[in-house]
Amino acid sequence: MTFIKELRFSHLFVLVALFVLVFPGIGCLQLKTDGSFSQGNEQINRNEILENAKESGLIMDDEEILFMSQKATTLYDDKQIVLDAIEMEEMKLVAYAYQGALADVTGGGSHGVAKATFHDGVYKLFVSAGDLPELQEGMYFEGWIVKRGEEMKILSTGKLMAVDEGYINTYESNENLTGMSFYVVTSEWDDGDSTSGLHVLEGEMIK
């Protein structure tokens with residue numbers, strides 16, 4: 035019983051630490067040159083938090099990241115609905131059943147929120163992200179929804195679109211994709227390669 039309590043406490047600590055990474059402005063945090071934060075007399079190391087989160091399964095481990103980078107694993111959605119500009123704007127007003135905060139897995143200060151729902155035969159995904167790293171010329175950000183586990187599934191939700199507030203990613207389909215509840219933002223080179231690149235943001239959408 036004590037061991038279980040310790041595991042739960044450890045899991046809770048990692049969740050709280052990730053929350054700090056997702057919302058780095060909370061608690062008057064000060065960023066240090068070594069990638070750590072200080073809050074009063076406490077020092078919070080980003081890399082240590084991310085490693086703990088990886089071990090706890092809150093973000094992807096190295097095997098999952100490698101799996102995502104393999105070309106043959108990416109699904110094709112033949113039921114995708116192409117949206118126009120007005121429909122994309124209306125996606126902000128949808129009541130979403132699933133949502134989750136996105137944590138920066140690079141150790142940087144990016145953040146975001148992913149939301150999804152399936153209603154009246156239509157799957158909708160809306161993601162907003164801010165403070166993403168500056169891209170080099172010829173690069174873009176891409177969104178992915180993932181079903182984790184032994185039968186891992188990956189689907190690209192397309193390029194993130196730059197808006198005044200940062201970036202958004204919208205996706206609609208007549209297929210119920212709520213089972214693919216993990217969301218990833220990657221940075222990609224515009225070179226025709228359909229595999230995933232460097233992971234920037236990750237997070238689980240929960241009901």
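134 is the number that this note's numbering gives to position 100 of the sequence shown; each next residue is one higher, with no gaps.
Ideal Cβ placement from N, Cα and C applies to all residues, glycine included.
* Check each candidate in Ile240, Ser207, Glu168 and name the one with the smallest Cα separation from Lys113. => Position 79 of the sequence shown holds residue 113. Here the closest residue by C-alpha is Ser207.
* How long is the line joining the alpha carbons of Asp225 and Val219, rounded to whole angstroms? -> Mapped onto the sequence shown, residue 225 falls at position 191. Mapped onto the sequence shown, residue 219 falls at position 185. Computed Cα separation, rounded: 18 Å.
* To do: Compute the beta-carbon to beta-carbon distance between Val156 and Gly177, rounded to the nearest angstrom, for a pair I have assumed lies under 8 Å.
  => As a first step, residue 156 is located in the sequence shown; it is residue number 122 there, counting from the start. As a first step, residue 177 is located in the sequence shown; it is residue number 143 there, counting from the start. Not confirmed; about 18 Å, so no contact.
* Tell me whether Ser162 sits in a helix, a strand or coil according to DSSP, three-state version. => One-based indexing of the sequence shown puts residue 162 at position 128. In this structure, Ser162 counts as strand in the three-state DSSP scheme.
* Asked: Which runs of the beta strand (DSSP E) spanning at least 3 residues fall entirely within the region 122 to 160, listed in chain order?
  -> 132 to 138, 145 to 153
* alpha helix (DSSP H) containing Lys88: first to last residue? -> One-based indexing of the sequence shown puts residue 88 at position 54. Unbroken alpha helix (DSSP H) run through Lys88: 80 to 90.
* Of the listed residues Ala87, Ala148, Asp118, nearest to Met214 (C-alpha basis) -> Sequence index remark: in the sequence shown, residue 214 carries index 180 (1-based). Comparing Cα positions, the closest option is Ala148.
* Euclidean distance between Cα positions of Ile197 and Glu85 -> Taking the first residue of the sequence shown as 1, we reach residue 197 at position 163. Taking the first residue of the sequence shown as 1, we reach residue 85 at position 51. The sequence shown places Val at residue 197, rather than the Ile named in the question. Rounded to the nearest angstrom, the two C-alpha atoms are 32 Å apart.
* In this structure, does DSSP put Ile99 in helix, strand or coil? -> Walking along the sequence shown from the start, residue 99 turns up at place 65. It is helical.
* Asked: According to DSSP, is Ile120 helix, strand or coil?
  -> Taking the first residue of the sequence shown as 1, we reach residue 120 at position 86. If DSSP states are grouped into helix, strand and coil, Ile120 belongs with the helices.
* **Three CB pairs or more closer than 8 Å across the region 226 to 238 and the region 92 to 108** => yes
* For Val116, count neighbouring C-beta atoms within 10 Å of its own C-beta (all shown protein chains included) and say buried if the count is 16 or more, exposed if not. => Numbered from its first residue, the sequence shown carries residue 116 at position 82. It is exposed - the Cβ of Val116 has fewer than 16 other Cβ atoms within 10 Å.
* Kindly list the residues whose CB is nearer than 6 Å to the CB of His45, restricted to its own chain and excluding five residues on each side of it in sequence; keep chain order. => The residue labelled residue 45 in the question sits at position 11 within the sequence shown. Low per-residue confidence applies at His45: pLDDT is 45, beneath 50, and the placement is therefore not dependable, though the value from the model is reported in the following sentence. Hits under 6 Å: Ser90.
* **According to DSSP, residues forming a beta bridge with Tyr174** => Indexing the sequence shown from 1 puts residue 174 at position 140. Glu222.
* To do: Excluding the 5 residues preceding and the 5 following Gly142 in the sequence, name in chain order all residues of the same chain whose CB lies nearer than 7 Å to its CB.
  => Working through the sequence shown from its first residue, we reach residue 142 at position 108. Excluding residues within five positions, the ones whose Cβ falls inside 7 Å are Pro167.
* To do: Please state whether DSSP places Thr229 in a helix, a strand or coil.
  => Residue numbering aside, residue 229 sits at position 195 when the sequence shown is read from its first letter. DSSP places Thr229 in coil when its eight states are reduced to three.
* Asked: Is it right to say His145 is buried, meaning 16 or more other beta carbons lie within 10 angstroms of its own, or is it exposed?
  -> What you label residue 145 is simply residue 111 of the sequence shown in a count that begins at 1. Buried, by the Cβ-count rule.
* To do: Please classify Thr212: does DSSP put it in a helix, a strand, or coil?
  => Position 178 of the sequence shown, counting from 1, holds the residue named residue 212. It is coil, neither helix nor strand.
* Close-in-space but distant-in-sequence residues of the same chain around Gln133 (CB under 8 Å, 5 per side omitted) -> If you number the sequence shown from 1, residue 133 lands on position 99. Closer than 8 Å at the Cβ level, and outside the excluded window around Gln133, lie Val147, Ala148, Lys149, Ala150, Met239, Ile240.
* To do: Look up Gly183 in the DSSP assignment and give the residues it is bridged to.
  => As a working note, residue 183 is residue 149 in the sequence shown. For Gly183, which the question treats as bridged, DSSP gives no partner whatsoever.
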